[in-house]
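Sequential numbering of the sequence shown, starting at 62, is according to the working numbering. In what follows, a single structure is set out as structure tokens and then discussed.
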Amino acid sequence: MSLLPLLSLLLVPVASLASSSSAHTTQHQQQQHLHHDAPNHRSYNPPPSRHHHRSTQQKEERYEILPSSAILERMQNLAKAYPFFVTLTTTQEWFGLPRAGHDSDCLFDKNYPVSGTGCNNYVLIIQDKVAYPDDPDVALDHDFVDHYLNLEESSLGDNNNINSGWKHVPDVFLSGAVHGNERVGPTSLLEMTELLLGAAHCESLPRMRYKPSDDVVSNNTNTTLSSENANLQKIQEEEDWKRELFNAQNCRLTLEGEGIPPHHRRWLARLVSSRRTIVIPTANALGYSRDQREEDGIDPNRDFPFDIRENDRDKCMQTVAGRSINELFRSHLFPVGLTFHGGMEVIAYEWGAPTYLDNDAPDAIAQNAIAGAYSRYAGGFSGHVAYDFGTMNDKVYYVRGGMEDWAFAGSWDPDRVVQCAPTTFGGYPAEKTTYNNSTLRAFNMLIETSSPKTPKRKDLGKRTNPLEGGD
Numbered sequence: 062m063s064l065l066p067l068l069s070l071l072l073v074p075v076a077s078l079a080s081s082s083s084a085h086t087t088q089h090q091q092q093q094h095l096h097h098d099a100p101n102h103r104s105y106n107p108p109p110s111r112h113h114h115r116s117t118q119q120k121e122e123r124y125e126i127l128p129s130s131a132i133l134e135r136m137q138n139l140a141k142a143y144p145f146f147v148t149l150t151t152t153q154e155w156f157g158l159p160r161a162g163h164d165s166d167c168l169f170d171k172n173y174p175v176s177g178t179g180c181n182n183y184v185l186i187i188q189d190k191v192a193y194p195d196d197p198d199v200a201l202d203h204d205f206v207d208h209y210l211n212l213e214e215s216s217l218g219d220n221n222n223i224n225s226g227w228k229h230v231p232d233v234f235l236s237g238a239v240h241g242n243e244r245v246g247p248t249s250l251l252e253m254t255e256l257l258l259g260a261a262h263c264e265s266l267p268r269m270r271y272k273p274s275d276d277v278v279s280n281n282t283n284t285t286l287s288s289e290n291a292n293l294q295k296i297q298e299e300e301d302w303k304r305e306l307f308n309a310q311n312c313r314l315t316l317e318g319e320g321i322p323p324h325h326r327r328w329l330a331r332l333v334s335s336r337r338t339i340v341i342p343t344a345n346a347l348g349y350s351r352d353q354r355e356e357d358g359i360d361p362n363r364d365f366p367f368d369i370r371e372n373d374r375d376k377c378m379q380t381v382a383g384r385s386i387n388e389l390f391r392s393h394l395f396p397v398g399l400t401f402h403g404g405m406e407v408i409a410y411e412w413g414a415p416t417y418l419d420n421d422a423p424d425a426i427a428q429n430a431i432a433g434a435y436s437r438y439a440g441g442f443s444g445h446v447a448y449d450f451g452t453m454n455d456k457v458y459y460v461r462g463g464m465e466d467w468a469f470a471g472s473w474d475p476d477r478v479v480q481c482a483p484t485t486f487g488g489y490p491a492e493k494t495t496y497n498n499s500t501l502r503a504f505n506m507l508i509e510t511s512s513p514k515t516p517k518r519k520d521l522g523k524r525t526n527p528l529e530g531g532d
């Protein structure tokens, strides 16, 4: 297989919300997004993914499946490099969840500020923090809001117009490794995140809003300054502008050298500015670190309270992986999502539950059209055709307690939902599996990435033109 079609496929659900995000984005907010004149949000389309000529000045490094320790290191580097666009946290910090595992598990977590016995479940929140500095998710980055307000106070205008992202942009959910031995998802998500953040960062430069005037010193200049000090400040502003402009040009040229031409850069940057993407790369953190399917012997993808028997209430929400995903859905409104698995090659959607074995979902036509678009946009890879697609019942198999059907129907099919009463980790409040009529209505599709659950590196493809195909 190759990661290249997966990178393209990952970006389709992120891009598919373009019309809804435009409807919720005001002119004032559009001007704030990314500190630059973004392409028109109503007319800009995703670039074609597989039919441009190749650049010859690119690194030929092959992708590789990342271990848990490298995933953490990459996430920390991204959070440090792109503080305006990404927040790294854990479901332990965010929701007070326990850790799965023992003293010998996930020792690399000691490199993260908050750790303990067992494994952290990491979450990346990708969003334009500058456009929405008072968003609840941005507030997780405790020092960010004050830092931003001090840095950009003069450009915000009326502070009453600062907006919360959850009110104005849609949420996207991306999950890797609910099954810990299905290894492609986390690496694909990290590579996608790096593409998005690198493009958003470049497109946000230069950060200075205006080139210094030839005859007017900055508005912040104290009129009592001496002429000499005013001239020194003007010189400094000009030097700052030149440095910002150089950084912007150099950043764009670097991306082009890595196979991201300007039309792709602008599209990727827009995906960051016009939605909030929640990425949980290793949902089953313990299983992934051990290269085991289950979390301590329990399958997280049978751990959700949908289409399970009433007398099995103690057999859902047993895992930290399941609870982490549950908390993310309870605190966000996800219209679309992807969850990565492995063992076959198919894009599958609802239904995948025994109760509906012979029934189509109410949205079957829409789901089929979207899954087909995912498949066509991603394309195939060397020796393989484009991904097959269809219902989980038809193309994969049905399960009780599956995450995909739960996320799709838990809010509007309450007869299939039970309140969980697990005994693991000291229990889990029953009210956390009581849902309102809007929480669980997502087109959350299952991506079976490849027949081998751990593909060989030679089959993962190269970093050449990451959105345009390759070997």
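We treat Cβ as the ideally placed atom computed from N, Cα and C, and that holds for glycine. These numbers come from a predicted model, not from an experiment.
Selected residue, minimal CA-CA separation from Ala161, among Pro513, Gly487, Asp419: Counting from 1 along the sequence shown, the entry for residue 161 is found at position 100. Among Pro513, Gly487, Asp419, the Cα nearest to that of Ala161 belongs to Gly487.
Rounded to whole angstroms, what is the Cα-Cα separation between Asp196 and Lys190? Stepping through the sequence shown from its first residue, residue 196 is reached at position 135. Stepping through the sequence shown from its first residue, residue 190 is reached at position 129. Going from the Cα of Asp196 to the Cα of Lys190 covers about 8 Å.
Assigned secondary structure, Asp466 (DSSP; H/G/I helix, E/B strand, else coil): As a first step, residue 466 must be located in the sequence shown, where it is residue number 405. Asp466 falls in the helix class under three-state DSSP.
Fully enclosed by the region 291 to 359, which alpha helix (DSSP H) runs are 4 residues long or longer? For the region 291 to 359, whole alpha helix (DSSP H) runs of length 4 or above, ordered along the chain, are 323 to 334, 346 to 351.
Ends of the beta strand (DSSP E) at Leu235? Numbered from its first residue, the sequence shown carries residue 235 at position 174. Taken as a continuous stretch (DSSP letters only), the beta strand (DSSP E) holding Leu235 covers 232 to 236.
Run the CB neighbour count on Leu266, radius 10 Å, all protein chains shown included, and call it buried at 16 or more, exposed below. For the purposes of this step, residue 266 is taken as the residue at position 205 of the sequence shown. Answer is buried; the Cβ neighbour count reaches 16.
Alpha-carbon spacing of Ala261 relative to Asn308, whole angstroms: Taking the first residue of the sequence shown as position 1, residue 261 is located at position 200. Taking the first residue of the sequence shown as position 1, residue 308 is located at position 247. Cα-Cα distance, rounded: 14 Å.
For Glu125, name the three-state secondary structure that DSSP assigns. The residue given as residue 125 occupies position 64 in the sequence shown. Coil at Glu125, not helix or strand.
Are the CB atoms of Asp375 and Ala503 nearer to each other than 7 Å? Reading the sequence shown from its first residue, position 314 is the one you call residue 375. Reading the sequence shown from its first residue, position 442 is the one you call residue 503. At the C-beta level, Asp375 and Ala503 stay beyond 7 Å of one another.
Can you name the residues that DSSP bridges to Cys180? In the sequence shown, residue 180 corresponds to position 119, counting from 1. Looking at the DSSP output, Cys180 shares a beta bridge with Ala161.
Beta carbon of Asn345, beta carbon of Pro322: below 7 Å? One-based indexing of the sequence shown puts residue 345 at position 284. One-based indexing of the sequence shown puts residue 322 at position 261. Not in contact: Asn345 and Pro322 (Cβ atoms no closer than 7 Å).
Which term fits Arg336, buried or exposed, when burial requires 16 or more other beta carbons within 10 angstroms of its beta carbon? Numbered from its first residue, the sequence shown carries residue 336 at position 275. The residue is buried, with at least 16 neighbouring Cβ atoms inside 10 Å.
What do you get for Lys514, buried or exposed, if any count of 16 or more other CB atoms within 10 angstroms of its CB means buried? Within the sequence shown, numbered from 1, the residue matching residue 514 stands at position 453. That one is buried.
Within the continuous beta strand (DSSP E) that includes Tyr410, where are the two ends? By one-based count along the sequence shown, residue 410 stands at place 349. DSSP places Tyr410 in the uninterrupted beta strand (DSSP E) bounded by 407 to 410.
Can you grab the Cα-Cα spacing for the pair Leu521 / Ala291, in whole Å? As a working note, residue 521 is residue 460 in the sequence shown. As a working note, residue 291 is residue 230 in the sequence shown. A direct Cα-Cα distance of roughly 57 Å separates Leu521 from Ala291.
Is it true that the CB of Thr152 sits closer than 7 Å to the CB of Asn182? The count along the sequence shown starts at 1 and reaches residue 182 at position 121. The count along the sequence shown starts at 1 and reaches residue 152 at position 91. The beta carbons of Asn182 and Thr152 sit closer together than 7 Å.
Asp164 versus Arg354 - alpha carbon distance: Position 103 of the sequence shown, counting from 1, holds the residue named residue 164. Position 293 of the sequence shown, counting from 1, holds the residue named residue 354. So the two alpha carbons sit approximately 20 Å from each other.
Beta carbon of Phe450 nearer than 7 Å to that of Gly433: Numbered from 1 along the sequence shown, position 389 holds the residue referred to as residue 450. Numbered from 1 along the sequence shown, position 372 holds the residue referred to as residue 433. Yes.
Excluding sequence positions up to five away, which residues of its chain have a Cβ less than 8 Å from the Cβ of Leu306? Taking the sequence shown and counting its residues from 1, the one referred to as residue 306 is at position 245. Excluding positions up to five away in sequence, the list reads Pro267.
Arg518 to Val381 span [Cα, whole Å]: Counting from 1 along the sequence shown, the entry for residue 518 is found at position 457. Counting from 1 along the sequence shown, the entry for residue 381 is found at position 320. Roughly 30 Å separates the two Cα atoms.
Three-state secondary structure assigned by DSSP to Lys514: Locating residue 514 in the sequence shown gives position 453, counting from the first residue. Correct three-state label for Lys514: coil.
Chain-order list of residues whose beta-carbon lies under 7 Å from that of Thr254 (same chain, five-residue window excluded): Here the question's residue 254 lines up with position 193 in the sequence shown. Closer than 7 Å at the Cβ level, and outside the excluded window around Thr254, lie Leu139, Leu185, Ile187, Val340.
Nearest by alpha-carbon distance to Phe442: which of Lys523, Ala142, Thr494 is it? Counted from its first residue, the sequence shown places residue 442 at position 381. Selected option, being the one with the closest Cα: Lys523.
With Val381 as the anchor, note down where its beta strand (DSSP E) starts and where it stops. In the sequence shown, residue 381 corresponds to position 320, counting from 1. Careful: Val381 lies outside any beta strand (DSSP E), inside the alpha helix (DSSP H) at 381 to 392.
Any idea what DSSP makes of Met269, helix, strand or coil? Locating residue 269 in the sequence shown gives position 208, counting from the first residue. In the structure shown, Met269 sits in coil (DSSP, three-state: anything other than H, G, I, E or B).
Is the distance from the Cβ of Gly246 to the Cβ of Phe401 below 7 Å? Here residue 246 refers to the residue found at position 185 of the sequence shown. Here residue 401 refers to the residue found at position 340 of the sequence shown. Yes; because the gap between Cβ atoms is below 7 Å, this pair is in contact.
In the DSSP assignment, the beta strand (DSSP E) including Thr151 goes from what residue to what residue? Here the question's residue 151 lines up with position 90 in the sequence shown. That run of the beta strand (DSSP E) goes 147 to 151.
Our contact map puts Arg327 next to Arg313 with C-beta atoms below 8 Å; I'd like the distance itself, whole angstroms only. Within the sequence shown, the letter at position 266 stands for residue 327. Within the sequence shown, the letter at position 252 stands for residue 313. About 10 Å; that fails the 8 Å criterion.
Could you tell me how far apart the beta carbons of Val6 and Cys377 are, in whole angstroms, since I believe they sit closer than 8 Å? Limits of the chain in this structure are 62 at one end and 532 at the other, which puts residue 6 out of reach.
What first and last residue would you give for the beta strand (DSSP E) that runs through Gly451? Working through the sequence shown from its first residue, we reach residue 451 at position 390. That run of the beta strand (DSSP E) goes 449 to 452.
Where Lys523 falls: helix, strand or coil (DSSP): As a first step, residue 523 must be located in the sequence shown, where it is residue number 462. Correct three-state label for Lys523: strand.
Only counting the same chain, and skipping five residues up and downstream in sequence, which positions put a Cβ closer than 6 Å to that of Asp352? For the purposes of this step, residue 352 is identified with residue 291 of the sequence shown, where counting begins at 1. Excluding sequence neighbours, Asp352 sits near Asn242.
Beta strand (DSSP E) containing Leu528: first to last residue? Within the sequence shown, the letter at position 467 stands for residue 528. Taken as a continuous stretch (DSSP letters only), Leu528 belongs to no beta strand (DSSP E), as it is neither H nor E.
Through-space distance from Arg135 to Glu315, alpha-carbon basis: The sequence position of residue 315 within the sequence shown is 254, counting from 1. The sequence position of residue 135 within the sequence shown is 74, counting from 1. With the sequence shown as reference, residue 315 is identified as Thr, and Glu is not the correct amino acid for it. Distance between the alpha carbons of Thr315 and Arg135 is about 19 Å.
Measure from the alpha carbon of Tyr410 to the alpha carbon of each residue in Ala330, Phe146, Tyr458, His240, then state which is nearest. Taking the first residue of the sequence shown as 1, we reach residue 410 at position 349. Tyr410 has its Cα closest to that of Tyr458, out of Ala330, Phe146, Tyr458, His240.
Relative to the C-alpha of Gly177, which residue among Pro194, Glu154, Val199, Asp198 is closest? Locating residue 177 in the sequence shown gives position 116, where the first residue counts as 1. Nearest C-alpha to Gly177: Glu154.
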